[in-house]
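Under our numbering, residues 555 to 733 are what the sequence shown spells out, in order.
All residues carry an ideal CB built from backbone N, CA and C; glycine is no exception.
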Amino acid sequence: TMVTYGGLMSLVAMVQHVLRENIPGDLVETGTWRGGAAGMMALAALSTSGPVRRMHLFDSFQGIPEPDRAHDPIDWIVNDMKLPEGEALGRLRGIKALEAPRKDLERVLFEICSYPKEKITIHEGWFQETVPPASRDIESIAVLRLDGDLYASTKVCLDHLYEKLSPGGFLWTSYRDWE
Numbered sequence: 555t556m557v558t559y560g561g562l563m564s565l566v567a568m569v570q571h572v573l574r575e576n577i578p579g580d581l582v583e584t585g586t587w588r589g590g591a592a593g594m595m596a597l598a599a600l601s602t603s604g605p606v607r608r609m610h611l612f613d614s615f616q617g618i619p620e621p622d623r624a625h626d627p628i629d630w631i632v633n634d635m636k637l638p639e640g641e642a643l644g645r646l647r648g649i650k651a652l653e654a655p656r657k658d659l660e661r662v663l664f665e666i667c668s669y670p671k672e673k674i675t676i677h678e679g680w681f682q683e684t685v686p687p688a689s690r691d692i693e694s695i696a697v698l699r700l701d702g703d704l705y706a707s708t709k710v711c712l713d714h715l716y717e718k719l720s721p722g723g724f725l726w727t728s729y730r731d732w733e
């Protein structure tokens, strides 16, 4: 994971809090990458008594889509993503940045954490294509972790999942450049 130690400990505390306080809902992460943060949520959920929560995990497993120069920071696009500004049009095509195979996530959850397979749904594809239909099957969310890196990826998740967040639940996002 690229999440800081403090960020991971906050995530663990959020999961433990919703379980201890019986706040209803699933654990949802958009942008799983290699599964480090999802694994921490899984371990936190397994460390408390009570029923095991359903987890919904979203990732393209193709890297991130092309940033959009209209919404995403230009210095990040050019310096970190190494894309010419003219190629930052927000198209749903993998630019190979932050690419990780699905098997990395599955290894973390099922082999390392031993989370029950029947309690995990992995939604593979671009958020714009997977989140809207999946949101119809999610009744409520206790912890919503958004790590889509881009404005459009984060916005589609908020548009379809935020309304499912239970009172007293948590929203955690990595996106820093809201306009």
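Tell me, to the nearest whole angstrom, how far the beta carbon of residue i is from that of residue j; I am working on the premise that it is less than 8 angstroms.
| i | j | result |
| --- | --- | --- |
| F612 | R656 | That pair is no contact at about 12 angstroms. |
| G593 | L663 | 6 angstroms |
| S720 | G579 | 4 angstroms |
| A642 | R588 | In fact, because the Cβ distance is near 25 angstroms, the residues do not count as touching under 8 angstroms. |
| P621 | L637 | 7 angstroms |
Out of curiosity, what's the CA-to-CA distance linking residue i and residue j?
| i | j | result |
| --- | --- | --- |
| H610 | F681 | 12 angstroms |
| E733 | Y716 | Unreliable placement is indicated for E733, whose pLDDT of 43 sits below 50; no coordinate value is reported for it. |
| L597 | Y669 | 8 angstroms |
| A599 | A696 | 12 angstroms |
| P686 | Y705 | 16 angstroms |
| M568 | A591 | 12 angstroms |
Which residues in the same chain as residue i place their Cβ atom closer than 7 angstroms to its Cβ, once the five residues preceding and following it in sequence are excluded?
| i | result |
| --- | --- |
| V632 | E639 |
| I577 | A696, S720, G722 and G723 |
| G604 | L573 |
Do residue i and residue j have their C-beta atoms closer together than 9 angstroms?
| i | j | result |
| --- | --- | --- |
| S707 | P627 | no |
| L581 | T602 | no |
| D701 | V557 | yes |
| R699 | T675 | no |
| L652 | G617 | yes |
| K718 | E693 | yes |
Which partner residues of residue i appear in the DSSP bridge assignment?
| i | result |
| --- | --- |
| P619 | G648 |
| V582 | H610 and L698 |
| T749 | In the structure as shown, the chain begins at 555 and stops at 733. Residue 749 is therefore absent and cannot be evaluated. |
| E525 | Here the chain covers residues 555 to 733 and nothing more, so residue 525 does not appear. |
With a CB to CB cut of under 6 angstroms and the five nearest residues on each side skipped, what residues in its chain are close to residue i?
| i | result |
| --- | --- |
| C667 | G593, A596 and L597 |
Short of 8 angstroms in beta carbon distance, which residues of its chain neighbour residue i, apart from the five on each side in sequence? Order them along the chain.
| i | result |
| --- | --- |
| K524 | Nothing can be reported for residue 524: it is not among the residues displayed for the chain, which extend from 555 to 733. |
Compare the C-beta of residue i against all C-beta atoms of chain B and say whether one is closer than 9 angstroms.
| i | result |
| --- | --- |
| L565 | In the structure shown, chain B cannot be found, because there is only a single protein chain. |
Mind checking whether the beta-carbon of residue i lies closer than 8 angstroms to any heavy atom of the ligand FMN?
| i | result |
| --- | --- |
| L581 | With respect to the ligand FMN, the structure offers nothing, as it holds no ligand at all. |
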